[in-house]
Amino acid sequence: MRRGFGHGIGLRLAVLLATFGIVAMGLVGYTSYTSSRAALLNAAQRDLLTATQVLGNSFQARLDEVAANALMLAALPQSLRVANGADNDKAALLDAFSALLDVHPDYFQVRLISADRHGLELLRVDRDAGHLSRISGQDLQEKAHYPYVFNTLKLARGQVHMSDITINRELGAHAGQDKPTLRVATPLAGADGVVVALVVINIDLAGMFRHLQADMPKAYQLYLSNHWGDYLIHPDASMTFGFERGRREFIQDGFAPVAELIGGRRAAVVTTREDGEGQVAAFVRLAPGDTPDDHFVVLGLSQTLGNVVSEARSLGWNTMRIILLLSACAMVLAALVARAVTGPLRQMVEAVTKFSKERVVSELPSDRDDQIGLLARSLNDMQRTIVANIGELDASRVALRHLAQHDGLTGLPNRALFDDRLQQALAHARRTQTHIALLFVDLDGFKRVNDTFGHHTGDLLLITVAQRIHGCVRVADTAGRIGGDEFVMLLGAVGREQDALSVAEKVRMALEQPFELEQRTLLISASVGVAMFPFHGENERALALSADTAMYQAKAGGGNRVCMAEGPS
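Here our numbering runs 1310 ahead of the position in the sequence shown, where the first position is 1.
Pasting the structure below:
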């Protein structure tokens, strides 16, 4: 009886210890899995929100650029003369329209529309099947009945109207026909302030976002809705512009928290949908340019939940296998090592719990050759795996931030980062009452290189150009690429205009030197426009417009030259 009782106590103790070990390891595995899953999900939400905000800023900056281009065209003397009936300036103005379409592939159309004659188009250049078409004669149409025309005619000189995003149903729009389109327009007034015409630029919305998304992870899916919530862009094209087909597909129906953006209660939301395949998404509310607050858009990015938590699932299965192995060992050896196991197990539970709550890695003793040592080594490996996964996520976040701020081809700062540095430099210059210089550099003959030798050679040329430009500036200065063959330079603490012109001339001379690429010798040149704060503009837009205008003057003079902006912008 005593032996049976002792044997029973030992058996029950062994079973108790084994059960405790199994439960403890199960809790460890579950806690590790849920903590890792939650950490991955939180990191994905933060990354998506950051990427969405970066994309939104890029979208707004791109629209600001379109508005600036429209204002630039409206400010050309030829525009006013053509609007007043001068035929001899039409060719030069058409050349300007065509140059703008060449530089910006996401522009469908540029037009000059009369304020009278029922909104008759005076000039029009369309993008059509890979080439540009200049429309004339009977093909020019009357547009006074379109909202973007009569709404723009109500504005004063210097104001910009951005239309609602719609499917382009206007006849003769060529490449823009039946595609999502945004129209940016500005009035053109005479010396008496009376509006005589308007400049209109049609934007390829889908093409613009394809360009803006180019540096983002392929797994990200894009959403865009109007201020009612109707889908304008959706991974499933059948969901977009439902209101034009007699039905409504609302973004807030698929992602309920977006209703707070539609209602104006929040500026950004992140959400996770567990239904179906599951999605993690982030959305921001945007009101581009001078758009009224009630004509905003909602921009969002998402990725599948499975893609986000795949590493956590793998870790969960590995943890489960470890738990099963250790559970079998615990049941076999519990009777023999009950007292010896109690202390190490408690140490392991404490270490894993501390890791789950505080992310502090406690290296468990793993020099034993029994199951306790195996458990300790497995838990050490699990901790290191989780830390490595989190480190990879952090590295991915840093890489994403770098991609959002730098040009993917040349590595130079992109428009968003350059604009941020320009704002900082202007703020510093205002405080210290010093001068800064802004240089616009546009390559002469780059299109010929692309057409003759192909885009691969063109890319190699752009990379080498970026290296030469970067070599012409100081460490404290900034050189960036804002698209195509356009580069910008920001020179801080410039004492005299001559100093800025010297740097510009240095860049021009550097770029007229031969380029040895793939056993070819290529020759190009550059047109450089220079503007200085505060002489040529007291804010970013004015300074950029002055530099851009000076650059176009350099091009108009035959290229391969430097022009300083003339007077305040």
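Glycine included, each C-beta is placed from N, C-alpha and C at the ideal position. Values in this document were obtained by computation on a predicted structure and should not be read as measured data.
Under the three-state reduction of DSSP, Q1451 is assigned to coil, being neither helix nor strand.
The closest CA to that of T1344, considering only E1480, W1627, D1677, L1770, is found on W1627.
Each of D1761, L1748, L1821, E1822 was checked against the Cα of A1803, and the nearest Cα belongs to L1748. For D1514, the secondary structure class from DSSP, reduced to helix, strand or coil, is strand. Secondary structure within the stretch 1809-1842: the beta strand (DSSP E) runs of 3 or more consecutive residues, fully enclosed, are 1825-1827, 1830-1832 (chain order). In the structure shown, L1542 adopts extended strand secondary structure according to DSSP, grouped into three states.
DSSP, reduced to helix, strand and coil, places P1387 within a helical segment of the structure shown. As the crow flies, the alpha-carbon of F1553 is around 18 angstroms from that of A1516.
Only residues of its own chain outside the window of five on either side were considered, and among them V1872 have a CB closer than 7 angstroms to the CB of E1815, listed in chain order.
For the 8 angstroms CB-CB criterion, M1799 and A1789 form a contact. Only exposed fits N1352, as fewer than 16 other CB atoms lie within 10 angstroms of its CB.
N1379 and F1407 have their C-alpha atoms spaced approximately 10 angstroms apart.
Spanning the alpha carbons of D1540 and S1389 requires a straight line of approximately 37 angstroms.
Counting C-beta pairs closer than 8 angstroms gives three or more between the stretch 1725-1739 and the stretch 1368-1383, which meets the contact rule. When secondary structure is reduced to three states using DSSP, S1346 falls in the helix class. The alpha-carbon separation between I1511 and L1411 amounts to approximately 10 angstroms.
If you draw a straight line from the Cα of Q1863 to the Cα of G1839, it is about 8 angstroms long.
Looking at the DSSP output, H1471 shares a beta bridge with A1495.
At a Cβ-Cβ threshold of 8 angstroms, I1773 and T1695 do not count as neighbours.
According to the DSSP secondary-structure assignment, L1801 is paired through a beta bridge with A1747. For M1526, the secondary structure class from DSSP, reduced to helix, strand or coil, is coil. Judged by DSSP in its simplified three-state form, A1577 adopts coil rather than helix or strand. With fewer than 16 other beta carbons inside 10 angstroms of its own, P1545 counts as exposed. Judged by DSSP secondary structure, S1856 falls within the alpha helix (DSSP H) whose first and last residues are 1850-1866. In the three-state reduction of the DSSP assignment, G1610 falls in the strand class, which pools E and B. Across the set D1405, L1732, H1537, I1746, the C-alpha of D1405 shows the shortest separation from the C-alpha of L1422.
When DSSP reads this structure, M1874 sits in a beta bridge with V1840. Put simply, the stretch 1422-1434 does not touch the stretch 1519-1531. Fewer than three CB pairs are less than 8 angstroms apart. Taking each of K1757, S1535, G1486, A1547 in turn and checking the Cα distance to F1560, the smallest one comes out for S1535.
Its chain contains R1372, D1416 as the residues whose beta carbon lies nearer than 7 angstroms to that of M1518, once the 5 sequence neighbours on both sides are disregarded; these appear in chain order. Here the C-alpha atom of L1350 lies approximately 49 angstroms from the C-alpha atom of V1509. Counting C-beta pairs with one atom in each stretch, the stretch 1820-1828 and the stretch 1759-1770 have three or more that are closer than 8 angstroms, which means they touch.
Counting only the Cα atoms, T1360 lies some 10 angstroms from G1366. Using a Cβ distance threshold of 8 angstroms, P1490 and L1542 count as a contacting pair. Only buried fits D1754, as 16 or more other CB atoms lie within 10 angstroms of its CB.
When rounded, the separation of the alpha-carbon atoms in G1440 and L1403 is 21 angstroms.
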